[in-house]
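> This is the structure I have questions about; it appears just below.
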Amino acid sequence: MENLKYQIKSIKEEIECTNILSKLNSVRSLIADEMEHIEDYKSMLDAKNDVVASFTAKQNLEHNFVLQSVINAIYTDIEAMYQEIGNHYENAMKEIEKASSCTDQSQDNA
Numbered sequence: 000m001e002n003l004k005y006q007i008k009s010i011k012e013e014i015e016c017t018n019i020l021s022k023l024n025s026v027r028s029l030i031a032d033e034m035e036h037i038e039d040y041k042s043m044l045d046a047k048n049d050v051v052a053s054f055t056a057k058q059n060l061e062h063n064f065v066l067q068s069v070i071n072a073i074y075t076d077i078e079a080m081y082q083e084i085g086n087h088y089e090n091a092m093k094e095i096e097k098a099s100s101c102t103d104q105s106q107d108n109a
């Protein structure tokens, strides 16, 4: 049973060590910074009445908004997955303990 506990714990730790959420946060921050720069640039273009360049900047903002939305959805999904993994881990450990104590009792009775 100890080997099974170790294997289950290793799976959980392997998933947690990937730091997916922090990597996604880095990408979200980069996109947010880029969008801020584009908004500033677009404002300058609007002030200069450069319609074509302003339109291009607007399109770039829209593309970044879509990227940000998709990454936010992935982030939320992964957060939920981590929660589920934690729940399954706790349930598995309880079941192993229960099975282990039943095995110990059987051996004591023999």
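Heads up, the sequence shown is in numbering that gives the first Met the number 0, so the first residue is 0 and it goes up one at a time. Beta carbons: idealized from backbone N, C-alpha and C, even for Gly. For clarity, every value in this text was computed on a predicted model and none was experimentally measured.
Given a cut-off of 8 Å, decide if Ile70 and Ile19 are closer than it, judged by their beta-carbon atoms.
Contact: no.
> In whole angstroms, what is the alpha-carbon distance linking Ile7 and Gln82?
Whole-angstrom Cα-Cα distance: 15 Å.
> Sort His62, Met43, Leu23, Thr55 by Cα distance to Ala72 and report the nearest one.
If we check each option's Cα against that of Ala72, Leu23 comes out closest.
> Got a sec, what are the start and stop residues for the alpha helix (DSSP H) Met34 sits in?
Where Met34 is concerned, the enclosing alpha helix (DSSP H) stretches over 19-46.
> Give a yes or no on whether the C-beta atoms belonging to Asn63 and Met34 are separated by under 8 Å.
In this structure, Met34 lies closer than 8 Å to Asn63 by Cβ.
> Given this structure, state the Cα-to-Cα distance separating Lys41 from Ala56, to the nearest angstrom.
Computed Cα separation, rounded: 6 Å.
> Could you tell me the distance, in whole angstroms, from the CA atom of Glu89 to the CA atom of Thr17?
Roughly 20 Å separates the two Cα atoms.
> To the nearest angstrom, how far is the alpha carbon of Ser68 from that of Lys93?
Each residue's Cα considered, the two are about 38 Å apart.
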